[in-house]
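Colleague:
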Ligand code: URP
Ligand code: ZN
Ligand code: ZN
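Numbering (this note's numbering), first residue to last: 105 to 562.
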């Protein structure tokens, strides 16, 4: 029998449960077993290192308009940061301008994403005239854009849809095999509390958290889940931040509603005490950071396999952009950088502390987002036939997070000074080495647009 020939071979890596060689040919994994033959152009020795599937960050915002500015990473800079974090596929969002069709919003965003160094997919935002857009949904889904996103808040920014509109949009998406994602906060409660605090001059960062309490999240999750239950439609809640929001989702699930829950590193390793700092406004993100008890509840939910996805909501701003809102929480552009620190934070504060297993981490960062968003025929696992998206992580060294060594255009990190157990050694995208140690070695822009391979499992 002819000897198997590989373009690239990763040898002696640990998956957490086994020692493995990964044979790559033409961008795909073609062999997986201990001791593959070494007759190959390039061998990477991963002895003593973890070899994991490339991560999928299912929630990023590259260069989106927020308040009077834009999140500072475009697809190019944000995807380099992603690659340095072992993220080989991001799922970003379209931005629907006023009066714009969904189709046009997809095309415009796809054009922007052409500068992406890692693979990318898009969720389709429905923020403008949702009822008028219903007829577009089937063909968008048929083209492989199967996940949509709506907001139950941000009325003043013109992004909110009403609960009536939500019902119609969900019904249409579900009816054609798609999946609706929801930013869930009860807008009436948020607006009332915001007004109450601003009226008496309570403008410091902690009042961002007080204006958007866990009850606002829980109320919107419960309402959305009730509608999803009536329609027998699946629903995906983005960035669950609180115990109350989580419980609302889990209660619905216990009643038989198919509800996917996503959380983010910031709700696991940061808490609202950051808002009490002098420069606390820099941590303003929506939903806000919560209490340590909320963090603990979310960790437990990951360890109980109740959270489906951890994604970053990467939406970075420079200090200069953030500092516009130094004296007023409602004027601070909301969002945090995170795509580069996704795995390292979860590995350090989840796996190394024993809160979750490495297998659970791989599930929420790779397997589950690939499955939920229709990419699992090629992404999300080290499997023969899958894209050779591979991360090699050296668990033996330690480092400290410093914005000066990160690659986002944000000139600060909300995680500055936090210890990290390990260091990224390689990020490989479809067989091509993008990152080797501290160097970005991707030859050219190599990210490819990814569409869902099948209609969603609603
Ligand atoms: O504050 C945040 N998270 N900004 C990005 C937009 C969103 O709500 O996800
Ligand atoms: Zn959101
Ligand atoms: Zn977001």
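Here a beta-carbon is modelled for each residue, glycine too, at the ideal position from N, C-alpha and C. In this text, all values refer to a predicted model and were calculated from it rather than measured experimentally.
When DSSP builds the beta bridges, which residues end up paired with residue 497?
Modeller: In the chain shown, counting from the first residue as 1, residue 497 sits at position 393. Assignment of beta-bridge partners to residue 497 by DSSP yields 154 and 528.
Colleague: Check whether the region 254 to 269 touches the region 280 to 291, counting contact only when three or more Cβ pairs, one atom from each stretch, lie closer than 8 Å.
Modeller: yes
Colleague: How about residue 125 and residue 138: do their beta carbons lie closer than 8 Å?
Modeller: Looking up residue 125 in the chain shown gives position 21. Looking up residue 138 in the chain shown gives position 34. A contact, by the Cβ cut-off of 8 Å.
Colleague: Starting from residue 399, trace the alpha helix (DSSP H) in both directions and tell me its first and last residue.
Modeller: For the purposes of this step, residue 399 is taken as residue 295 along the chain shown, with counting starting at 1. Run containing residue 399: 396 to 407, per the alpha helix (DSSP H) assignment.
Colleague: Could you check the C-alpha separation between residue 304 and residue 380 for me, to the nearest Å?
Modeller: For this step, residue 304 is matched to residue 200 along the chain shown. For this step, residue 380 is matched to residue 276 along the chain shown. Answer to the nearest angstrom: the Cα atoms are 18 Å apart.
Colleague: Determine the closest residue to residue 529 out of 109, 490, 282 and 502, with distance taken between C-alpha atoms.
Modeller: Here residue 529 corresponds to residue number 425 of the chain shown, with the count starting at 1. Sorting 109, 490, 282 and 502 by C-alpha distance to the C-alpha of residue 529 places 502 at the top.
Colleague: Taking residue 188 as part of the alpha helix (DSSP H), name the residues at either end of that continuous run.
Modeller: The residue given as residue 188 occupies position 84 in the chain shown. 179 to 188 is the extent of the alpha helix (DSSP H) around residue 188.
Colleague: Near residue 168, which residues of its chain fall below 6 Å by C-beta distance, leaving aside the five closest residues on each side in sequence?
Modeller: Start at 1 with the first residue of the chain shown, and residue 168 comes out as number 64. Closer than 6 Å at the Cβ level, and outside the excluded window around residue 168, lie 175 and 199.
Colleague: Compare the Cα-Cα distances from residue 178 to each of 216, 285, 142 and 332 and report the closest residue.
Modeller: Within the chain shown, residue 178 is the residue found at index 74, counting from 1. The residue with the shortest Cα to Cα distance from residue 178 is 216.
Colleague: With distance defined between alpha-carbon atoms, name the residue in 404, 385 and 151 nearest to residue 119.
Modeller: Mapped onto the chain shown, residue 119 falls at position 15. Nearest option by C-alpha distance: 151.
Colleague: Is residue 459 near residue 403, with beta carbons less than 8 Å apart?
Modeller: Numbered from its first residue, the chain shown carries residue 459 at position 355. Numbered from its first residue, the chain shown carries residue 403 at position 299. Cβ distance < 8 Å, so residue 459 and residue 403 count as in contact.
Colleague: If you compare alpha carbons, which of 422, 433 and 260 is closest to residue 382?
Modeller: Numbered from its first residue, the chain shown carries residue 382 at position 278. Among 422, 433 and 260, the Cα nearest to that of residue 382 belongs to 433.
Colleague: Which residue comes first and which comes last in the alpha helix (DSSP H) that contains residue 513?
Modeller: Numbered from its first residue, the chain shown carries residue 513 at position 409. Segment: none, residue 513 is in no alpha helix (DSSP H) and carries neither H nor E.
Colleague: If you draw a straight line from the C-alpha of residue 260 to the C-alpha of residue 469, how long is it?
Modeller: Counting from 1 along the chain shown, the entry for residue 260 is found at position 156. Counting from 1 along the chain shown, the entry for residue 469 is found at position 365. For residue 260 and residue 469, the distance between alpha carbons rounds to 33 Å.
Colleague: Counting C-beta neighbours from all protein chains within 10 Å, is the total for residue 444 16 or more, i.e. buried, or is it exposed?
Modeller: Translated into positions along the chain shown, residue 444 becomes position 340. Under the 10 Å beta carbon count, residue 444 is surrounded by 16 or more other beta carbons and is classified as buried.
Colleague: Thinking residue 355 and residue 389 are a contact (beta carbons under 8 Å), I'd like their distance in whole angstroms, please.
Modeller: What you label residue 355 is simply residue 251 of the chain shown in a count that begins at 1. What you label residue 389 is simply residue 285 of the chain shown in a count that begins at 1. So it is not a contact: roughly 25 Å between Cβ atoms.
Colleague: Considering only residues of the same chain and omitting the five flanking positions on each side of residue 326, which have a CB-CB separation below 6 Å?
Modeller: Translated into the one-based positions of the chain shown, residue 326 becomes position 222. So the qualifying residues of the chain are 352.
Colleague: Just list the residues that DSSP pairs residue 451 with in beta bridges.
Modeller: To locate residue 451, count along the chain shown from 1; it is residue 347. Paired residue(s): none; residue 451 is not in a bridge.
Colleague: Would you mind working out which of 532, 205, 363 and 222 sits nearest residue 228, comparing C-alpha positions?
Modeller: For the purposes of this step, residue 228 is taken as residue 124 along the chain shown, with counting starting at 1. Answer by Cα proximity: 205.
Colleague: Buried or exposed: which applies to residue 211, given that a residue is buried once 16 or more other Cβ atoms fall within 10 Å of its Cβ?
Modeller: Locating residue 211 in the chain shown gives position 107, counting from the first residue. With fewer than 16 Cβ atoms within 10 Å of its Cβ, residue 211 is classed as exposed.
Colleague: Going along the chain, which residues of its own chain have a beta-carbon closer than 6 Å to the beta-carbon of residue 146, five neighbours each way excluded?
Modeller: In the chain shown, residue 146 corresponds to position 42, counting from 1. Cβ neighbours of residue 146 beyond the five flanking positions: 112.
Colleague: If you reduce the DSSP assignment to three classes, tell me which class residue 519 lands in.
Modeller: Translated into positions along the chain shown, residue 519 becomes position 415. In this structure, residue 519 counts as coil in the three-state DSSP scheme.
Colleague: So does residue 417 have its beta carbon nearer than 7 Å to some heavy atom of ligand 3?
Modeller: Locating residue 417 in the chain shown gives position 313, counting from the first residue. Under cutoff, so the answer is yes.
Colleague: In the DSSP assignment, the beta strand (DSSP E) including residue 259 goes from what residue to what residue?
Modeller: For the purposes of this step, residue 259 is identified with residue 155 of the chain shown, where counting begins at 1. No beta strand (DSSP E) holds residue 259; DSSP gives it neither H nor E.
Colleague: Let me check you understand the geometry: is the CB of residue 231 closer than 7 Å to at least one non-hydrogen atom of ligand 2?
Modeller: Numbered from its first residue, the chain shown carries residue 231 at position 127. Not one heavy atom of ligand 2 is found less than 7 Å from the C-beta of residue 231.
Colleague: According to DSSP, is residue 105 helix, strand or coil?
Modeller: Here residue 105 refers to the residue found at position 1 of the chain shown. With a pLDDT of 44 at residue 105, under the threshold of 50, the predicted position of this residue should be treated as unreliable, though the coordinate-derived value follows. Coil.
Colleague: Taking the C-alpha atoms as reference points, what is the distance between residue 343 and residue 314?
Modeller: Here residue 343 corresponds to residue number 239 of the chain shown, with the count starting at 1. Here residue 314 corresponds to residue number 210 of the chain shown, with the count starting at 1. Cα-Cα distance, rounded: 18 Å.
Colleague: Confirm the yes/no value for this check: CB of residue 163, any heavy atom of ligand 3, distance under 7 Å.
Modeller: Within the chain shown, the letter at position 59 stands for residue 163. Yes, the beta carbon of residue 163 sits closer than 7 Å to at least one heavy atom of ligand 3.
Colleague: Could you check the C-alpha separation between residue 489 and residue 224 for me, to the nearest Å?
Modeller: Residue numbering aside, residue 489 sits at position 385 when the chain shown is read from its first letter. Residue numbering aside, residue 224 sits at position 120 when the chain shown is read from its first letter. About 19 Å.
Colleague: Taking 7 Å as the cut-off, does the CB of residue 390 come closer than this to any heavy atom belonging to ligand 2?
Modeller: Stepping through the chain shown from its first residue, residue 390 is reached at position 286. Relative to the non-hydrogen atoms of ligand 2, the Cβ of residue 390 comes within a distance shorter than 7 Å of at least one.
Colleague: Residue 305: beta carbon under 7 Å from a heavy atom of ligand 1?
Modeller: Translated into positions along the chain shown, residue 305 becomes position 201. Not under cutoff, so the answer is no.
Colleague: Confirm, please, whether the CB-CB distance from residue 393 to residue 374 is below 8 Å.
Modeller: Counted from its first residue, the chain shown places residue 374 at position 270. Counted from its first residue, the chain shown places residue 393 at position 289. Judged by their CB atoms, residue 374 and residue 393 are nearer to each other than the 8 Å cut-off.
Colleague: What does the alpha-carbon distance come out to for the pair residue 494 and residue 359?
Modeller: In the chain shown, counting from the first residue as 1, residue 494 sits at position 390. In the chain shown, counting from the first residue as 1, residue 359 sits at position 255. So the alpha carbons of these two residues sit roughly 38 Å apart.
Colleague: Using DSSP bridges, identify the partner residues of residue 144.
Modeller: Taking the chain shown and counting its residues from 1, one reaches residue 144 at position 40. According to DSSP, residue 144 bridges with 110.
Colleague: When the Cα atoms are used, what is the spatial distance from residue 226 to residue 533?
Modeller: Taking the first residue of the chain shown as 1, we reach residue 226 at position 122. Taking the first residue of the chain shown as 1, we reach residue 533 at position 429. Approximately 18 Å, taken between the alpha carbons.
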